[in-house]
Amino acid sequence: MLKLDQVSKEFSAPEGPVRAVEDVSLQVKGGELAAVHGPSGCGKTTLLLMAGALLRPTNGVVYVDGLNVYASSSEQRAEMRADRIGFVFQRFHLVPYLSVLENIMVPSMSRNDEYVQERAEELIEKLNLEHRRMHQPSALSTGERQRTVIARALLNRPHLLLADEPTGNLDERNAEIVLSTMADFAENGGAVLTVSHDPRATRYAGQMFGMEEGRLQEEVEVQETRGPA
Amino acid sequence: MTIWNLIRREIWHSKLGSLSTLASVLVAIASIVGAFTLLQAHDVRTDRILDKKQQATREDMEELRQEMRRATLQLGFNVVILPKGQELTEWYNRGYASETMPENWAQKLAESRTLTSIRHILPVLQKKIQWEDMSREVMIRAHRGELPLKHRPEKPDLVQSVPRGKILIGHALHEELDLSRGDNVRIRGREFTVEAYRPAQGSQDDITIWMHLEDAQELWDQQDRINAIIALQCMCTGIHFKEKVKSQIKEILPDAQVIIREAKASARARARLSTREKAEKALKREQRNRRKLREEREGLAAVLVPLVLAASAIWIGLTAMVNVRERRGEIAILRAVGLRSWHVMSLFLIKAAAIGLIGGALGYGVGFLGGRYMEAWLSTSAAHPLGIGVLFRPAVLFLGLVLAPCLAALAAWIPALVAAYHDPADILSEE
Numbered sequence: 001m002l003k004l005d006q007v008s009k010e011f012s013a014p015e016g017p018v019r020a021v022e023d024v025s026l027q028v029k030g031g032e033l034a035a036v037h038g039p040s041g042c043g044k045t046t047l048l049l050m051a052g053a054l055l056r057p058t059n060g061v062v063y064v065d066g067l068n069v070y071a072s073s074s075e076q077r078a079e080m081r082a083d084r085i086g087f088v089f090q091r092f093h094l095v096p097y098l099s100v101l102e103n104i105m106v107p108s109m110s111r112n113d114e115y116v117q118e119r120a121e122e123l124i125e126k127l128n129l130e131h132r133r134m135h136q137p138s139a140l141s142t143g144e145r146q147r148t149v150i151a152r153a154l155l156n157r158p159h160l161l162l163a164d165e166p167t168g169n170l171d172e173r174n175a176e177i178v179l180s181t182m183a184d185f186a187e188n189g190g191a192v193l194t195v196s197h198d199p200r201a202t203r204y205a206g207q208m209f210g211m212e213e214g215r216l217q218e219e220v221e222v223q224e225t226r227g228p229a
Numbered sequence: 001m002t003i004w005n006l007i008r009r010e011i012w013h014s015k016l017g018s019l020s021t022l023a024s025v026l027v028a029i030a031s032i033v034g035a036f037t038l039l040q041a042h043d044v045r046t047d048r049i050l051d052k053k054q055q056a057t058r059e060d061m062e063e064l065r066q067e068m069r070r071a072t073l074q075l076g077f078n079v080v081i082l083p084k085g086q087e088l089t090e091w092y093n094r095g096y097a098s099e100t101m102p103e104n105w106a107q108k109l110a111e112s113r114t115l116t117s118i119r120h121i122l123p124v125l126q127k128k129i130q131w132e133d134m135s136r137e138v139m140i141r142a143h144r145g146e147l148p149l150k151h152r153p154e155k156p157d158l159v160q161s162v163p164r165g166k167i168l169i170g171h172a173l174h175e176e177l178d179l180s181r182g183d184n185v186r187i188r189g190r191e192f193t194v195e196a197y198r199p200a201q202g203s204q205d206d207i208t209i210w211m212h213l214e215d216a217q218e219l220w221d222q223q224d225r226i227n228a229i230i231a232l233q234c235m236c237t238g239i240h241f242k243e244k245v246k247s248q249i250k251e252i253l254p255d256a257q258v259i260i261r262e263a264k265a266s267a268r269a270r271a272r273l274s275t276r277e278k279a280e281k282a283l284k285r286e287q288r289n290r291r292k293l294r295e296e297r298e299g300l301a302a303v304l305v306p307l308v309l310a311a312s313a314i315w316i317g318l319t320a321m322v323n324v325r326e327r328r329g330e331i332a333i334l335r336a337v338g339l340r341s342w343h344v345m346s347l348f349l350i351k352a353a354a355i356g357l358i359g360g361a362l363g364y365g366v367g368f369l370g371g372r373y374m375e376a377w378l379s380t381s382a383a384h385p386l387g388i389g390v391l392f393r394p395a396v397l398f399l400g401l402v403l404a405p406c407l408a409a410l411a412a413w414i415p416a417l418v419a420a421y422h423d424p425a426d427i428l429s430e431e
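Chains as they are written, first to last, in my numbering: chain F, 1 to 229; chain B, 1 to 431.
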């Protein structure tokens with residue numbers, strides 16, 4: 001599903017070029033949940049954006065479903081994001097003037113899907129958001145906002161779910177809901193890559209990578225440890 | 001979820017920005033429609049003022065025409081054409097000309113195309129004689145009736161000819177000589193029958209005998225000769241009619257001299273003609289003033305309207321740019337979930353156009369009413385605004401409703417482009 005082959009990203013800065021990600025290679029197959037763990041500023045988000053067809057790497061190749069992501073045009077990458085990739089962000093980025101239902105349905109604007117409302121209602125039910133269905137983000141708790149974001153990411157039935165600090169601001173109960181939802185997604189054949197400095201995010205991971213100063217340090221084989229520790 | 005839903009909700013969410021854009025479009029369209037309505041109202045009012053003045057002038061002219069008709073009927077013949085060699089002193093003293101001219105000179109006048117300044121041409125032969133049978137002096141005036149003007153519309157004759165062998169006598173002769181219709185009299189040995197006598201005129205006509213021209217020419221053995229052509233000037237020739245009458249006649253009859261008798265009626269006619277010229281001048285002055293006023297207003301609108309349009313466009317653009325700035329996170333996530341750049345661009349353009357449409361409709365209303373009232377206020381303090389139905393033009397409404405969304409969308413174009421090509425990674429990596 002996702003393959004990063006010697007991917008690097010360099011940013012120019014007044015003090016000289018900054019290498020945010022250096023020679024990273026990893027692969028997440030369908031049914032796998034991989035976690036990248038590391039401190040803030042180590043390049044996790046940059047890695048995720050490159051994996052999500054949002055940031056062109058300086059070197060290396062990114063494949064999603066076997067397609068070379070950055071060999072295609074900007075509009076084709078947008079189509080790829082709409083059809084194949086779901087995003088979960090720490091800061092949620094919910095549209096403030098839309099209800100929970102409408103926020104979940106935002107990705108449907110790029111597709112013509114007559115069952116989209118049905119699918120959105122299913123996700124609302126699954127993520128226990130029925131009572132917040134018509135509420136705007138400002139009326140939601142942090143956990144409810146993150147659950148809304150998860151529902152939005154899953155609406156278009158993506159193949160790959162990318163999560164940036166999905167549990168960073170959540171309490172134990174909400175973190176559990178988010179992580180188990182991602183795990184369910186992986187169990188149903190999807191690929192999940194999550195980057196986080198929160199140790200809870202590793203509970204469901206089949207693969208775990210450490211990251212420091214833009215480099216993947218090691219790949220840690222994780223035993224079947226599904227569920228809270 | 002549709003783009004339209006998103007736009008509708010966003011407009012409602014960012015009320016201040018939306019109202020600001022709405023106000024800008026409203027002002028822009030109101031200024032255009034207002035200027036257009038004001039100029040249109042100006043034109044309508046100008047037409048009405050001029051129509052009113054023209055109507056008043058027409059009525060005055062009609063009254064003048066009627067007065068002129070009455071006056072000319074009272075005036076009688078006032079143009080006398082004499083042979084060039086006639087001594088005027090003698091003519092004034094004796095009351096007739098001793099010199100004669102060919103009778104066909106009158107025909108030349110009657111057949112002329114260029115003679116427009118006189119009508120009712122009457123060739124005459126007149127003499128003052130001692131009527132020996134009656135032992136008194138009388139004036140003989142002989143004619144064969146008016147000559148029809150060949151190239152002018154036919155008019156009823158002012159005088160009728162006297163049948164041959166008959167005479168018409170003045171009132172004094174009727175009374176003093178006890179002559180009545182049917183009486184026979186002798187003049188220079190030839191017998192004539194009194195046809196009628198004329199009512200008292202208080203002039204030389206009271207001692208005048210009228211007879212047929214040929215009878216008189218035979219009496220004095222002056223076949224085909226006359227000693228005067230009398231005519232009536234046409235009052236249609238303007239206040240400088242005397243010069244015109246004289247020049248036209250002399251062009252046809254270079255060997256004649258022309259005398260125009262000034263009369264009270266013609267003096268009055270001159271005054272009326274002068275009044276008409278003044279009225280026409282006043283009308284032209286009014287037309288000039290209104291045209292000048294329109295040009296001034298048009299000039300002002302030509303400067304103000306583009307300025308207002310430019311200011312509105314800049315304001316709409318700035319408001320849209322602020323909106324783009326505020327919605328960076330939202331734009332980034334829309335791009336991240338797969339919306340194309342044209343989706344994002346259309347969010348801003350459709351929003352601007354939708355607000356523009358509402359602003360255009362409101363701006364049309366404000367501009368239309370504003371222009372209508374302002375024109376009335378600028379006209380005179382007493383002027384009422386012109387009727388809505390008179391000023392309403394569907395094309396202007398259509399223009400307002402099309403121009404407003406276009407203006408708003410064009411002004412928001414650059415901010416929309418900026419939004420569409422925002423790199424979502426820049427914003428999302430700020431986390």
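Don't be surprised by glycine CBs; every beta carbon is placed ideally from N, CA and C.
For residue j and residue i, the rounded distance between their alpha carbons
{"i": "B:L320", "j": "B:E280", "result": "It should be pointed out that residue 320 of chain B corresponds to Ala in this sequence rather than to Leu. Distance between the alpha carbons of B:A320 and B:E280 is about 58 angstroms."}
{"i": "B:R372", "j": "B:C406", "result": "25 angstroms"}
{"i": "F:P228", "j": "F:Y204", "result": "For F:P228, the predicted model reports a pLDDT of 46, less than 50, meaning its position is unreliable and no value from the coordinates is stated."}
{"i": "F:R226", "j": "F:L154", "result": "Any answer about F:R226 is weak, because its pLDDT of 48 lies below 50 and its placement is not dependable; what the coordinates show is given next. Near 21 angstroms, if we compare the C-alpha coordinates of F:L154 and F:R226."}
{"i": "B:M61", "j": "B:A282", "result": "14 angstroms"}
{"i": "B:P385", "j": "B:I11", "result": "37 angstroms"}
{"i": "B:H171", "j": "B:R225", "result": "28 angstroms"}
{"i": "F:D65", "j": "B:L397", "result": "55 angstroms"}
{"i": "F:S196", "j": "F:P39", "result": "8 angstroms"}
{"i": "B:H343", "j": "F:F87", "result": "19 angstroms"}
{"i": "B:I118", "j": "B:V258", "result": "12 angstroms"}
{"i": "F:I85", "j": "B:P306", "result": "49 angstroms"}
{"i": "B:R113", "j": "B:E243", "result": "18 angstroms"}
{"i": "F:S73", "j": "F:G60", "result": "17 angstroms"}
{"i": "B:L158", "j": "B:K278", "result": "32 angstroms"}
{"i": "B:H151", "j": "B:A228", "result": "22 angstroms"}
Assumed close pair residue i, residue j - CB separation to whole angstroms, cut-off 8 angstroms
{"i": "F:L127", "j": "F:A163", "result": "With a Cβ gap of about 14 angstroms, F:L127 and F:A163 do not count as contacting."}
{"i": "B:Y120", "j": "B:S161", "result": "The displayed chain sequence assigns His, not Tyr, to residue 120 of chain B. B:H120 to B:S161, Cβ: 13 angstroms. No contact."}
{"i": "F:Q146", "j": "F:V178", "result": "6 angstroms"}
{"i": "F:L67", "j": "F:T148", "result": "Actually they are not in contact, since the Cβ atoms of F:L67 and F:T148 sit about 29 angstroms apart, beyond 8 angstroms."}
{"i": "F:V24", "j": "F:L49", "result": "So it is not a contact: roughly 13 angstroms between Cβ atoms."}
{"i": "B:M1", "j": "F:M109", "result": "6 angstroms"}
{"i": "B:E191", "j": "B:R181", "result": "In fact, because the Cβ distance is near 15 angstroms, the residues do not count as touching under 8 angstroms."}
Selection from the options that minimises the alpha carbon distance to residue i
{"i": "F:G210", "options": "F:L26, F:A71, F:V7 and F:L94", "result": "F:L26"}
{"i": "B:V308", "options": "B:I32, B:M101, B:D426 and B:V124", "result": "B:I32"}
{"i": "B:D133", "options": "B:I118, B:L177 and B:S20", "result": "B:L177"}
{"i": "B:D276", "options": "B:S20, B:V324, B:K52 and B:T57", "result": "Reading the sequence as shown, one finds Arg at residue 276 of chain B and not Asp. Of B:S20, B:V324, B:K52 and B:T57, the residue nearest in Cα terms is B:T57."}
{"i": "B:I169", "options": "B:R9, B:I187, B:R152 and B:L158", "result": "B:I187"}
{"i": "F:L216", "options": "F:P107, F:E176, F:L47 and F:A51", "result": "F:L47"}
{"i": "F:N156", "options": "F:K29, F:E118 and F:L2", "result": "F:E118"}
{"i": "B:K53", "options": "B:Q287, B:I3 and B:L38", "result": "B:Q287"}
{"i": "B:N104", "options": "B:P83, B:A376, B:T116 and B:L391", "result": "B:P83"}
{"i": "B:S14", "options": "B:R291, B:R325 and B:L339", "result": "B:R325"}
Sequence-distant residues of the same chain with beta carbon closer than 6 angstroms to residue i, five excluded per side
{"i": "B:W413", "result": "none"}
{"i": "B:A142", "result": "L125, M211, L213 and A216"}
{"i": "F:V36", "result": "K44, V195, F209 and M211"}
{"i": "F:A53", "result": "V69, R77, M80 and R81"}
{"i": "B:A332", "result": "P424, I427 and L428"}
Per DSSP, the bridge partner or partners of residue i
{"i": "B:P102", "result": "B:R225"}
{"i": "F:L94", "result": "DSSP output for F:L94 lists no bridge partner at all."}
{"i": "F:F11", "result": "F:V18"}
{"i": "B:E191", "result": "B:R186"}
{"i": "F:H135", "result": "In the DSSP output, where bridge partners are listed per residue, F:H135 has none listed."}
{"i": "B:K166", "result": "B:T193"}
{"i": "B:Q201", "result": "For B:Q201, which the question treats as bridged, DSSP gives no partner whatsoever."}
{"i": "B:A231", "result": "B:V79"}
{"i": "F:N68", "result": "F:Y63"}
{"i": "F:M211", "result": "F:L216"}
Own chain, CB closer than 7 angstroms to residue i, minus 5 neighbours either side, in chain order
{"i": "B:S379", "result": "R45"}
Beta-carbon contacts of residue i that lie in its chain and below 8 angstroms, excluding the five residues immediately before and after
{"i": "F:R133", "result": "S99, V100, L101 and I124"}
{"i": "B:I355", "result": "I11, S18, T21, L22, V25 and A408"}
9 angstroms Cβ cutoff, residue i in contact with chain C
{"i": "F:N59", "result": "Here the protein chains are F and B, and chain C is not one of them."}
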